[in-house]
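Going by the working numbering, the sequence shown opens with residue -3, and the numbers climb by one from there. A virtual CB, placed ideally from N, CA and C, is assigned to each residue, including glycine. Since the structure comes first, as structure tokens, the remarks are kept for the end.
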Amino acid sequence: MKFPSPYTLNQIATIINAKYVGHDDFPVLGMNEIHVVEPGDIVFVDHPKYYDKALSCAASIVLINKKVDCPEGKALLISDDPFRDFNILTLFFKPFLKAQNNISSSAKIGKDTIVQPNCFIGNNVVIGDNCLIHSNVSIYDNCVIGNYVTIHSGSVLGSDAFYYKKRPEGYDKLISGGRVVIEDNVDIGALCTIDKGVTGDTTIKKGTKLDNQVQVGHDTVIGEKCLIASQTGIAGCVIIEDEVTLWGQVGVTSAATIGKNAMVSAQSGVSKSLEGGKKYFGSPAEEMREKLKELAYVKQIPFILKKLEK
């Protein structure tokens, strides 16, 4: 998430009431999670296990809960609760705006696009040309939709990330300030849910087709010309490369990558990254041919036990 204009380190520290290491006018251009940070961004870290990763990533400013040596060319924001202060910054730069109408006056809807009755289209939404948005679709603030996109009834684009921090009193939510971006010629089935990014974009690229009841988590990127079948659940920060097929009820764990032209068979569980160009099956998903051999061997166990008894 980039700020509307550059801020200084001193200005950011004032917003969250934090101490800092670095010169007052050190430039701050935005804020992002560690997997999408760029120079000029703030990243937050609140666990010693991840200090080194945060301090060495591309971010220029590290919001951290301990005073440490500041890497050259970077700045630190010292906070007793970086998670809380990251939320404060998100709300400062992307405050929630109450809707005034079913279709916001700030939404931009392209030529020959049809929006059926009972849809909600939020603030600053952009929808391209020749789209068809069926009834009871909800498109939250700041979503971007390309041309020739079809979205079927009951789907929700832009809901919050499923991202929480456990506290003694319960779970504390990380506030989402990102977007959903749908490129050209994408079809989204009925009752699909696509979460916006925490600070970046959840993206579905050109020509991809989603069946009914598909869940896509925050900051996930689905490549071009993919097929995602019904009841598939894709966690946050997943990368699915071009022309991947996921059949029904596949589950994909957070931060996994599925390579180009891979196929994952129905009811499989993807627990780690998978190479492209191969077929997978099972939970955990493995190469289909090897997995089917294993199942065939398992079926022989009763026969082998009977032989051993004799």
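Residue 37, enclosing beta strand (DSSP E) - first and last residue: Run containing residue 37: 37 to 41, per the beta strand (DSSP E) assignment.
Status (buried if at least 16 other CB within 10 Å, exposed otherwise) for residue 285: By the neighbour-count definition (other C-beta atoms within 10 Å, threshold 16), residue 285 is an exposed residue.
For residue 31 and residue 20, the rounded distance between their alpha carbons: Residue 20 and residue 31: Cα-Cα distance of roughly 27 angstroms.
Whether residue 74 touches residue 57 by CB criterion (8 angstroms): Taking 8 angstroms as the Cβ cut-off, residue 74 and residue 57 do not qualify as a contacting pair.
Simplified DSSP state of residue 92, which is helix, strand or coil: In the displayed model, residue 92 falls within coil according to three-state DSSP, outside both helix and strand.
Span of the alpha helix (DSSP H), counted from its first residue to its last, around residue 170: In the DSSP annotation of this structure, residue 170 is not part of any alpha helix (DSSP H), being labelled neither H nor E.
Where the beta strand (DSSP E) through residue 197 begins and ends: For residue 197, the enclosing beta strand (DSSP E) has its first and last residue at 197 to 200.
Cβ contact (3+ pairs, closer than 8 angstroms) linking the region 28 to 48 and the region 95 to 104: Fewer than three beta-carbon pairs drawn from the region 28 to 48 and the region 95 to 104 are found closer than 8 angstroms, and the two stretches are therefore not classed as touching.
Bridge-paired residues (DSSP) for residue 276: According to the DSSP secondary-structure assignment, residue 276 is paired through a beta bridge with 260, 283.
Bridge partner(s) assigned by DSSP for residue 155: According to DSSP, which records beta bridges pairwise, residue 155 is partnered with 191.
Length of the line joining the Cα atoms of residue 65 and residue 197: Cα to Cα, the separation comes out at about 32 angstroms.
Identity of the residue in 46, 13, 5 nearest residue 27 by Cα: Closest in C-alpha terms to residue 27, from the list 46, 13, 5, comes 5.
Touch test, the region 172 to 182 against the region 127 to 141, Cβ-Cβ under 8 angstroms, three pairs minimum: Contact holds between the region 172 to 182 and the region 127 to 141, because three or more Cβ pairs, one in each stretch, are under 8 angstroms apart.
Pick from 2, 110, 255 that is closest to residue 237, judged by C-alpha positions: In terms of Cα proximity to residue 237, the closest of 2, 110, 255 is 255.
The region 101 to 116 / the region 85 to 92 touching (three or more Cβ pairs under 8 angstroms): Result no; under three Cβ-Cβ pairs closer than 8 angstroms.
Cβ-based burial, residue 299 [other Cβ within 10 Å; buried from 16]: Its Cβ having fewer than 16 others within 10 Å, residue 299 is exposed.
Under 8 angstroms between C-beta atoms of residue 266 and residue 247: Taking C-beta atoms as the reference points, residue 266 and residue 247 count as a pair closer than 8 angstroms.
Under 8 angstroms between C-beta atoms of residue 17 and residue 2: In this structure, residue 17 sits away from residue 2, with a CB-CB distance that is not shorter than 8 angstroms.
Given residue 264 as reference, the closest of 62, 282, 43 once Cα atoms are compared: The candidate whose alpha carbon is nearest that of residue 264 is 282.
DSSP three-state assignment for residue 204, whether helix, strand or coil: Coil, per DSSP.
Residue from 124, 218, 152, 172 with nearest C-alpha to residue -3: Closest option to residue -3, judged by alpha-carbon separation, among 124, 218, 152, 172: 172.
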